[in-house]
Amino acid sequence: MLYLRNHTRGRGVTTLIITGIHTHICIKHTSYGAFIKGYNIVIPEDAVNAFTKEDH
Numbered sequence: 143m144l145y146l147r148n149h150t151r152g153r154g155v156t157t158l159i160i161t162g163i164h165t166h167i168c169i170k171h172t173s174y175g176a177f178i179k180g181y182n183i184v185i186p187e188d189a190v191n192a193f194t195k196e197d198h
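Here it is in structure tokens:
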């Protein structure tokens with residue numbers, strides 16, 4: 143995350159769009175980490191997924 147922060151902050155990026163699979167694990171932890179570092183987070187519902195409906 144440090145590399146990402148250095149790379150994005152130097153370019154004035156303040157919002158991250160998080161996509162991927164395993165909503166309940168990867169997306170959750172990635173977005174939380176970015177949020178506590180001060181980023182605005184966008185998670186498009188149709189761009190994330192999980193193996194079960196409950197996890198999504």
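Residue numbers (this note's numbering): 143 to 198.
Glycine residues also receive a C-beta, built at the ideal position from the N, C-alpha and C atoms.
These figures come from a predicted structure and were not determined experimentally.
Linking L158 to A189 through their CA atoms gives a straight-line distance of about 13 angstroms.
Secondary structure of I185 (DSSP, three-state): coil. Within a 10 Å sphere around the beta-carbon of Y174 sit fewer than 16 other beta-carbons, which makes this residue exposed. Burial check for Y145: the Cβ neighbour count within 10 Å stays below 16, so the residue is exposed.
The closest CA to that of E196, considering only T156, H171, I167, F177, is found on I167.
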